[in-house]
Amino acid sequence: PRAFFNVHLKTGEPCPRCGTTISEITAQQRLTNFCRHCQPGGLIRGM
């Protein structure tokens with residue numbers, strides 16, 4: 043599987059890379075899951 047699906051629909055679970063809890067936001071009417079530690083801003087601006 044592709045690496046960017048590692049946290050898809052896994053809100054509240056630990057990140058497979060660092061163990062931080064996976065967060066969820068709605069960005070442009072799309073549900074987005076991400077790790078606040080591994081992805082501190084990059085694709086998710088304004089966080």
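Add 42 to a position in the sequence shown, counting from 1, and you land on the number used in my numbering.
All residues carry an ideal CB built from backbone N, CA and C; glycine is no exception.
For the alpha helix (DSSP H) assignment, the segment 52–76 encloses no uninterrupted run of at least 4 residues.
Going by C-alpha positions, C77 is about 7 Å away from T62. With fewer than 16 other Cβ atoms from the protein chains shown falling within 10 Å of its own Cβ, C60 counts as exposed.
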